[in-house]
Amino acid sequence: MELTKKGSSTIFDLGTFERRAHAQRVEHIEEDSIADLPQDLLRNDVPALPEVSELQAVRHYTNLSKKNFSIDGQFYPLGSCTMKYNPRAAHRAASLPGFLNRHPHAPEKVSQGFLGCLYDLQNILKELTGMKGVSLAPMAGAQGEFAGVSMIRAYHEANGDAERREIIVPSAAHGTNPATAVMCGYEVTEVGVGADGDVDVEELKSKVGPQTAGLMMTNPSTCGVFERQITQIADIVHGVGGLLYYDGANLNAILGKVKPGAMGFDVLHMNLHKTFATPHGGGGPGSGPVGVSDRLLPFLPIPIVEKNEAKDEGDWYSWASAENTRQSIGKLSAFSGNSGILLRALAYALLLGEQGMNRVGEFATLNANYLAARLSQSGFELAYPDRRATHEFIITFAKEAKELNVSAMDIAKRLLDYGVHAPTTYFPLMVPECFLIEPTETEDKSELDGFVDAMKAIREEMLNDRDLVCTAPHTLPVRRLDDVKAARELDLSWSAPS
Amino acid sequence: MPYIPHTQSDVESMLETIGVDSVDELFDEIPAGLAEEQPGSLSAGLPELDMLQSMQERASLDEGNICFAGAGCYDHHIPAAVWDIASRGEFMTAYTPYQAEASQGTLQLIYEYQSMMTQLMGMDVSNASVYDGASGLAEAILMAVRSNKTNKSGTVLYAESLNPDYLSVVETIVSSQGIQLEAMAIGEHGTVEIADSSQPEPAAVVIQQPNFFGRLELVDEITNWAHSCGALVIAVVNPTSLGILKAPGFWGDNGVDIACGDGQPLGVPMSSGGPSFGFICCKSKYVRQIPGRVVGRTEDLDGRVGYTLTLQAREQHIRRGKATSNICTNQGLLVTAGTIYMSLMGFQGLKETAIKSHQNCNYLHSRLLQITGVEAMFGGPFFHEFAIRLPIKSADLVDAMADQGILAGVSFTKFDIWRDKYPNALLVAVTEKRTKAEMDKYVDVFTRVLAG
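Right, here's the structure in full:
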């Protein structure tokens, strides 16, 4: 009992009045050093921040970390999230003192290293996506989407085309797509997805028109299949004067195989924390650079790095001037985005090179198709059995839910007991009781086989000991949590026990 | 093949299981003509050693400048333990904690972070963070306009003393939402003069403390005035300054409605300004309008304490087009660092950091003002940053001092709105990290540069 209680202590519970990590004291403070500040602007309460020793803090957070699943610790086949290995070398490179200690306003003459890195990354991303220009400014995928749709809007406005009020998204789209369109001042029109996972082209034809500003889609789609009619879709949208937005969430599937530019997309964002293996950090930081075709170049978000050949000798890198970015949609962060993440992405690109990049899509696809085949052969139901899997695929437990009264969520929770992070559940929304599974290219065959074994074992449990599955997990720091209580009796911060 | 573990025999047996002859066959649904051979224009992959050497070569070009620049990003000491712990793979390589039972580490940490931020800000509620301070302000403005049930004008007043980089970002993000941004002018002391009645009644008022010039605004008066106009008050604050300055929850008679800012000073390296984290705190009554992730404490089936993402009905993956924001991520890893930082510093450490920064700043300021031709831009006290007017263009001084290994500050010419008005103005920040020797060296180099 005591053990349980101790295990769930917060950092605040560990504290004692006037204890502190003494090594962090700041010395040589003079008596009257804030005497010049007006008394009524000073703080006179004492906020309850932790009062712990350094060891207490280190031990507390080390122990908390052990309560996490992570890529470093577990297979993490979370669909649409690309949980691949995050090379330590990229972290090391971005943590070099010259990069880590660079102030964002440091003048260009002492920033040639950093600016050169951004310039190279801009070019690598342009090359890989087949776009004409790239801005590294967006700090996450959703901000990349915001930048992309803002550029679509700016383009139409620059053309005096103010009637375009709608953005079309497929019903299977990520929730960010419609949310972004609304943030950019658009109305959202949904277009259906057929039984084969492809967009319903006839419905699309009936929904486009002079009101269409653009269409947002991922390819491969969130159904885990390649949208085969992409060229036709691009023609339909372009035919009415709309633009095509590529949500790069699934870029890992086609890296080195197809360029979004070749598919007719006018603008895209990439998720460097997925495709370029930068760490997810427990929910961020991300990084969502945008790429554009010729006609959107003037609208790219700032800052952008330029190279001026031979100023005296050698290359000189500089921020694009205000004069050259007059039509830009503007800034998205106080400085230049998630710079440290950009450096990690560059390091990753340097490690992989051209050939390594091409292999990403191949092996991500091989792993997904292998896992899909093995699960299917083991009796699990694929949502799109007649289609090739891309880098991810969907299985549905509709049958199990009906016959055994076991939900996809139950199975997900039981997988945790087997030491595997659950795949994405209940997404896309139109496939009932589903898992979206993305193994990524960095997992080896035995890890995939282990996943199949776990799934088979869980199915046995569903048949023989249903409760074991429905009340899972059993081996984690906590059992299933009461989400309703969390939302109804909001407890969002610690307060001292009364 | 870097980071791809497959042997040839793995590949063969996997293809056999799938029932295809080659990996290429797996791409046969891609229409012909799209999947053409890629032109080989990227360089060949490098071994780890070579990559690190090449990156080191570049990093060394930017290395070794003593930092007196601020303007939203500050060079504070970071306790060694902060990143040793934050860099643990269990924190660094986990995803957003959707599977709560397998993410209790991240979830409890965010709950503790929320608790620390509400304490520091004197506010009721904190979210799990947003991208950075500037985009956080944009989100706070959208939130305030949504939340103000009586004033639907969409007019937002901001102090002209707001960080101009923040203003630029706000303009980008709120421009499509029918919001009008109007400036409140600053007076000769570099602080806000409360607007006269000719201005439209605002839905929200934005005040930065300390302001962009490092000066201290009369936050009590402004807060009370804004509330009397029916506006919500948004505070933009530097967390370090709250070691000594009044927390926004205590401004005026009732405190502000939303407090936001950038968490970089709390254990996050400057790293060219990112990644950092933005924080947003608010009064309880606005909790359902706050954007981004929020973690709540609850119980498991056995009644044990546990933590989970909550109030998700506000978010894009549930609400889609009706969400409070399109934001998905917080800045989890940086919040991890910030939380460990606050635990190690405690309020006492934060207070000492704030006082020492202020003390250093006063020292450098007074020494610089003794130099002929150097003037204070504004009278009155500042926190750890000040603006001075030089007898030469400030951008030239920054360039010249950079040659001597000193980042002298930030020239006002970096900012469109101040470029023409203040070509000789320089913003200088001094943290607790700067030694007397470094400050004296600054003065020496500065004097020599001015002497030509």
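Those sequence lines, one after another, are chains A and B. So for the first sequence, our numbering puts the first residue at 48; every next one is plus one. So for the second sequence, our numbering puts the first residue at 952; every next one is plus one. Even glycine gets a Cβ: it sits at the ideal position worked out from N, Cα and C.
Alpha carbon to alpha carbon, how far is residue j from residue i? Give it in angstroms, no decimals.
i          : j          : result
GLN1405(B) : VAL1379(B) : Nothing about residue 1405(B) can be read from this structure; chain B reaches only from 952 to 1403.
PRO1374(B) : ALA1351(B) : 16 Å
ALA502(A)  : ALA533(A)  : First, the residue type needs correcting, since residue 502(A) is Met and not Ala in the sequence shown. So the two alpha carbons sit approximately 30 Å from each other.
GLU967(B)  : ILE301(A)  : 22 Å
ASN416(A)  : THR437(A)  : 7 Å
THR227(A)  : ASP87(A)   : 43 Å
THR1398(B) : THR1323(B) : 9 Å
ILE1231(B) : SER1080(B) : 7 Å
TRP1369(B) : CYS1018(B) : 22 Å
LEU61(A)   : GLU98(A)   : 8 Å
THR176(A)  : PRO307(A)  : 6 Å
Within 10 angstroms of its Cβ, does residue i collect 16 or more other Cβ (buried), or is it exposed?
i          : result
GLN1321(B) : exposed
ARG527(A)  : buried
ASP1001(B) : exposed
MET48(A)   : Any reading at MET48(A) must be qualified, since the residue scores a pLDDT of 36, below 50, and its modelled position is unreliable; the value itself is stated next. Counting Cβ neighbours within 10 Å, MET48(A) comes out exposed, since fewer than 16 surround it.
LEU89(A)   : exposed
GLU1111(B) : buried
THR1044(B) : buried
THR269(A)  : buried
LEU183(A)  : buried
ASP245(A)  : buried
GLN1282(B) : buried
THR489(A)  : buried
ILE1145(B) : exposed
ARG535(A)  : exposed
ASP79(A)   : exposed
GLU210(A)  : exposed
DSSP three-state call for residue i: helix, strand or coil?
i          : result
GLU401(A)  : helix
LYS1392(B) : helix
LYS354(A)  : strand
HIS316(A)  : strand
ARG945(B)  : No answer is possible for residue 945(B): it lies beyond the span of chain B, which begins at 952 and ends at 1403.
LEU84(A)   : coil
THR51(A)   : Low per-residue confidence applies at THR51(A): pLDDT is 44, beneath 50, and the placement is therefore not dependable enough to give any value.
TRP363(A)  : strand
CYS1024(B) : coil
ARG149(A)  : coil
Is the beta carbon of residue j closer than 7 Å to that of residue i?
i          : j          : result
HIS1316(B) : PHE1329(B) : no
GLY466(A)  : ARG1271(B) : no
ILE955(B)  : PHE161(A)  : no
ALA219(A)  : PRO479(A)  : no
THR236(A)  : LYS254(A)  : yes
MET1135(B) : LEU1108(B) : yes
LEU1058(B) : VAL1187(B) : no
LEU329(A)  : ASN405(A)  : For the sequence presented, residue 329(A) should be read as Gly rather than Leu. Contact: no.
ASP1213(B) : ASP1083(B) : yes
HIS316(A)  : VAL337(A)  : yes
GLY1387(B) : ILE76(A)   : The displayed chain sequence assigns Lys, not Gly, to residue 1387(B). Cβ atoms of LYS1387(B) and ILE76(A): not closer than 7 Å.
ALA932(B)  : LEU111(A)  : The shown model of chain B, from 952 to 1403, leaves out residue 932(B), and the question about it has no answer.
ARG212(A)  : GLU192(A)  : no
VAL238(A)  : PRO225(A)  : no
List, in order along the chain, the chain E residues whose C-beta lies closer than 9 Å to that of residue i?
i          : result
LYS1344(B) : The structure shown has no chain E; the protein chains it does contain are A and B.
Inset, instruction - Taking only beta carbons into account, state which residues of the region 156-174 of chain A come closer than 8 Å to chain B, listed in chain order. - result: The residues in question are LYS156, VAL157, SER158, GLN159, GLY160, PHE161, GLY163, CYS164, ILE171 and GLU174.
Legend entry - Contact list for the region 256-283 of chain A against chain B, Cβ threshold 8 Å: Taking 8 Å as the cut-off between beta carbons, the residues of the region 256-283 of chain A near chain B are VAL272, PHE273, ARG275, ILE277 and THR278, in sequence order.
Legend entry - Residues of the region 1232-1248 of chain B whose Cβ lies closer than 9 Å to any Cβ of chain A, in chain order: Listed in sequence order: SER1235, VAL1238, ARG1244, VAL1245, VAL1246, GLY1247 and ARG1248.
Inset, instruction - Return the residues of the region 1112-1140 of chain B that lie within a Cβ-Cβ distance of less than 9 Å from chain A, sorted by chain order. - result: Flagged, chain order: ASN1114, ASP1116, TYR1117, SER1119, VAL1120, GLU1122, THR1123, ILE1124, SER1126, SER1127, GLN1128 and GLY1129.
Inset, instruction - With 7 Å as the limit, tell me which residues of the region 1363-1393 of chain B have their beta carbon closer than that to any beta carbon of chain A; keep them in chain order. - result: Per Cβ criterion, the list reads LYS1365, ASP1367 and GLU1383.
Legend entry - Residues within the region 1054-1073 of chain B neighbouring chain A, beta-carbon criterion of under 9 Å: Of all residues in the region 1054-1073 of chain B, only SER1054, GLN1055, GLY1056, THR1057, LEU1058, GLN1059, LEU1060, ILE1061, TYR1062, GLU1063, GLN1065, SER1066, MET1067, MET1068, THR1069, GLN1070, LEU1071, MET1072 and GLY1073 come within less than 9 Å of chain A when Cβ atoms are compared, listed by chain position.
Legend entry - Near-chain A residues of the region 1157-1178 of chain B (beta-carbon distance less than 9 Å), N- to C-terminal order: Within the region 1157-1178 of chain B, the qualifying residues are GLN1160, LEU1167, GLU1168, LEU1169, VAL1170 and ASP1171.
Inset, instruction - Quick one: which residues of the region 445-459 of chain A get their C-beta closer than 8 Å to a C-beta of chain B? List them in chain order. - result: So the close ones are ALA459.
Inset, instruction - Check distances from the C-beta atoms of the region 124-137 of chain A to those of chain B and list, in chain order, the residues that come in under 7 Å. - result: Those residues of the region 124-137 of chain A that come within reach of chain B (Cβ to Cβ, closer than 7 Å) are LEU125, CYS128, MET130, TYR132, ASN133, PRO134 and ALA136.
Inset, instruction - Taking a Cβ distance cut-off of 9 Å, strictly less, list which residues of the region 403-414 of chain A are near chain B, in chain order. - result: Taken in chain order, the members of the region 403-414 of chain A whose beta-carbon sits within less than 9 Å of a beta-carbon on chain B are GLY403, MET404, ASN405, ARG406, VAL407, GLY408, GLU409, PHE410, THR412, LEU413 and ASN414.
Inset, instruction - Pull out every residue of the region 184-205 of chain A whose Cβ sits closer than 8 Å to any Cβ of chain B, in chain order. - result: Against chain B - using a Cβ distance shorter than 8 Å - the residues of the region 184-205 of chain A are MET186, ALA187, GLY188, ALA189, GLN190, GLU192, PHE193, SER197 and ARG200.
Inset, instruction - Could you name the residues of the region 501-513 of chain A whose beta carbon sits closer than 7 Å to any beta carbon of chain B, in the order they occur along the chain? - result: For the region 501-513 of chain A, the beta-carbon criterion of a distance under 7 Å to any beta-carbon of chain B is satisfied by none of its residues.
Inset, instruction - Could you please tell me which residues of the region 290-313 of chain A, in chain order, have their CB closer than 7 Å to any CB of chain B? - result: If you check each beta-carbon in the region 290-313 of chain A against every beta-carbon of chain B, the ones closer than 7 Å belong to GLY303, LYS304, VAL305, ALA309 and MET310.
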